[in-house]
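Residue numbers (the working numbering): 81 to 499.
From the three backbone atoms N, C-alpha and C, an ideal C-beta is built for every residue, glycine too.
These notes are about the structure you will find just below.
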C-alpha cells in the first residue's frame with residue numbers, strides 16, 4: 081500500500097482514497113471498513129468476497145447511523161463523495177437520510193417493480209399521452225428481467241445485457257426499450273431514489289434509417305380484403321388507419337362520443353393528440369361505412385360503451401392484441417400476393433401510405449399536413465402562429481379524392497351516398 085496515501089492505519093483505517101488505491105486494496109478474511117480522509121463520513125467497505133461498497137456514517141439525535149450508497153465501481157469515488165456530501169448536508173438540516181431510505185424500502189419504491197409502478201402513475205400518466213405504450217414496454221421487458229431487485233443494485237452492465245438480449249431478436253425494439261428505460265431511470269435519479277441513472281451513456285444498438293415504406297397498390301388490395309376477413313375489432317380499425325391517416329392509438333382508442341355521423345366528422349380532443357391540439361377529421365364515405373359496420377356494445381348495467389374498439393374482457397379499455405392482429409393481416413397479404421420477399425411494413429406505414437395517396441390524388445401538401453395534424457412543415461414557427469385558416473373545405477375535398485382513389489385501388493364498390 082503506498083505510504084503517501086496512508087494517513088491513519090490504526091484501529092479503523094482512514095486513507096486518502098483514490099481509484100488507484102481502491103483497486104489495489106485486497107479482501108481479507110474479515111470485513112474491512114476504510115474511511116475517506118477527504119470526505120468526512122464516507123467509508124469504503126470491503127467484504128471477504130471482494131465486493132466493495134460505499135456508505136456514509138453520521139450522527140443524528142445522538143444516534144449513530146449508516147447509509148448505503150452502492151457498490152464500487154458502479155458508484156465511482158467522485159460520485160460517492162458527492163453523495164456523501166449531500167447526505168451530510170441533509171443531516172445538518174435535521175433530515176435522517178437513513179430513515180427516509182428505510183421508508184422508501186417499506187413502500188417498495190426502492191425496487192425496480194415498485195419504482196416502475198410509481199413512474200407510470202406519477203409521471204407517465206401525467207406527462208405522456210401514450211403512457212400505455214410506456215407501461216407495456218416496461219412491464220414486458222424491464223420489470224420481468226429485474227423483478228425483485230433493488231434499484232441501487234442495477235448497474236450499467238445490467239442495462240446493456242437487457243438491451244443486447246432484445247437486440248438479438250428485435251433490433252429496433254431494443255432502441256425503443258432503451259429509450260423508455262432511460263426515461264425511467266432519469267426519473268428515479270431526479271427523485272433521489274438512486275444516485276445516478278445506470279442507463280446513462282448506453283448507446284442504442286440498432287442503426288435506424290428514416291422509413292419511407294408505403295404499401296403498393298397490390299398490397300393495399302390484399303390488405304383491404306384481409307381486414308374484411310379479420311373483422312372486428314382489428315379488421316375495421318386497420319381499415320380506418322388507411323382510410324383516415326390518423327395515428328394508431330388515436331384510432332384504436334376512438335370513442336363514439338367523438339364521432340358525428342350526420343355531420344360526417346371525427347372530433348379528436350387535444351388530450352388524445354400527439355401535439356395536444358384538437359383535431360377535426362372529415363369522414364369520407366368509406367370511413368363512414370366502416371364505422372357503421374362496427375358493433376355497438378353495452379356494459380353490465382346496460383349503458384352504451386363509448387369505445388369503438390373495446391377489449392373483449394374489459395369494455396372500458398381499448399382492444400389488446402394489436403401485434404398479433406397485424407401479423408395475421410401481414411401473413412394474409414403475403415399469401416394473397418404469393419410472395420415472401422416483400423419488405424415488412426408497420427401500422428405507421430399505413431399513415432404514410434395515406435399521405436402519399438392523397439398527394440397522388442392531387443391534394444396539396446399543406447392540406448395533407450392538416451389532415452395528419454402536423455405542426456411542422458408548412459405550419460412551423462411564425463407561420464403556424466398566424467395561420468388561422470381551418471382548411472375545413474380543403475380537408476373534406478381531400479378525403480373525397482382519397483376515397484375515390486382507394487376505392488379504385490382496392491376494387492371495392494363505391495359507398496352509397498351519405499346524406
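**Request:** Alpha carbon to alpha carbon, how far is residue 263 from residue 198? Give it in angstroms, no decimals.
**Result:** 13 angstroms
**Asked** So, helix, strand or coil for residue 492, using DSSP?
**Response** coil
**Asked** Which same chain residues, not among the five before or five after residue 284, have their C-beta less than 7 angstroms away from its C-beta?
**Response** 255, 258
**Request:** May I ask you to report which of helix, strand or coil DSSP gives residue 103?
**Result:** helix
**Request:** Tell whether a beta-carbon distance below 8 angstroms holds between residue 260 and residue 218.
**Result:** yes
**Request:** Have a look at residue 273 and residue 190 and give me their C-alpha separation to the nearest angstrom.
**Result:** 7 angstroms
**Message:** Given this structure, state the Cα-to-Cα distance separating residue 138 from residue 118, to the nearest angstrom.
**Reply:** 15 angstroms
**Request:** Please report how far the alpha carbon of residue 230 lies from the alpha carbon of residue 482, in whole angstroms.
**Result:** 54 angstroms
**Asked** What's the C-alpha gap between residue 466 and residue 327?
**Response** For residue 466, the predicted model reports a pLDDT of 40, less than 50, meaning its position is unreliable; a value from the coordinates is still stated below. Going from the Cα of residue 466 to the Cα of residue 327 covers about 26 angstroms.
**7 angstroms CB neighbourhood of residue 155 in its chain, flanking five on each side removed** = 134, 149, 275
**Asked** residue 113 lies in the beta strand (DSSP E); which residues open and close that run?
**Response** 112–116
**Asked** Are the beta-carbon atoms of residue 122 and residue 136 separated by less than 8 angstroms?
**Response** yes
**Option in 474, 109, 334, 196 with minimal Cα separation from residue 269** = 196
**Request:** With a threshold of 16 other CB atoms inside 10 Å of the CB of residue 297, please say whether the residue is buried or exposed.
**Result:** exposed
**Item:** Which listed residue (309, 419, 361, 301) has its alpha carbon closest to that of residue 485
**Value:** 301
**Request:** Helix, strand or coil for residue 138, going by three-state DSSP, please let me know.
**Result:** strand
**Asked** Would you call the stretch 398–412 and the stretch 373–382 touching, i.e. three or more CB-CB distances under 8 angstroms?
**Response** no
**Prompt:** Leaving out the 5 sequence neighbours to the left and right, which residues in its chain are closer than 7 angstroms to residue 211 when beta-carbon positions are compared?
**Reply:** 200, 204, 205
**Item:** Sheet register partners of residue 500 (DSSP bridge)
**Value:** Given a span of 81 to 499 for the chain in the structure shown, any question on residue 500 remains unanswerable.
**Asked** Under the rule that 16 or more other beta-carbon atoms within 10 Å means buried, what is residue 316, buried or exposed?
**Response** buried
**Message:** When you compare the CB of residue 485 with every CB in chain D, is at least one pair closer than 8 angstroms?
**Reply:** Here chain D cannot be found, since the structure has a single protein chain.
**Message:** Short of 7 angstroms in beta carbon distance, which residues of its chain neighbour residue 475, apart from the five on each side in sequence? Order them along the chain.
**Reply:** 362, 447, 450, 451
**Item:** Reduced DSSP category for residue 346 - H, G, I as helix; E, B as strand; rest coil
**Value:** strand
**Nearest-angstrom Cβ-Cβ length linking residue 325 and residue 434, presumed shorter than 8 angstroms** = 3 angstroms
**Message:** Assuming residue 144 is part of the beta strand (DSSP E), what are its boundary residues?
**Reply:** 143–152
**Prompt:** To which residues does DSSP link residue 191 through a beta bridge?
**Reply:** 230
**Asked** Nearest to residue 242 by CA position, among 228, 164, 223, is which residue?
**Response** 223
**Pairwise C-alpha distance: residue 120 and residue 164** = 8 angstroms
**Asked** So, using beta-carbon positions, are residue 355 and residue 453 closer together than 8 angstroms?
**Response** yes
**Item:** Sheet register partners of residue 124 (DSSP bridge)
**Value:** 114, 134
**Prompt:** Looking at the unbroken alpha helix (DSSP H) that takes in residue 247, where does it start and where does it end?
**Reply:** 236–247
**Anticipated Cβ contact below 8 angstroms, residue 220 with residue 192, distance rounded** = Not confirmed; about 14 angstroms, so no contact.
**Asked** residue 260 lies in the alpha helix (DSSP H); which residues open and close that run?
**Response** 251–270
**Request:** If I'm right that residue 430 touches residue 422 with Cβ under 8 angstroms, what's the distance once you round it to whole angstroms?
**Result:** That belief does not hold up - the Cβ atoms of residue 430 and residue 422 are roughly 15 angstroms apart, past 8 angstroms.
**Item:** Reduced DSSP category for residue 224 - H, G, I as helix; E, B as strand; rest coil
**Value:** helix
**Request:** Since I believe residue 479 is in contact with residue 389 (beta carbons under 8 angstroms), could you give me their beta-carbon distance rounded to a whole number of angstroms?
**Result:** That belief does not hold up - the Cβ atoms of residue 389 and residue 479 are roughly 21 angstroms apart, past 8 angstroms.
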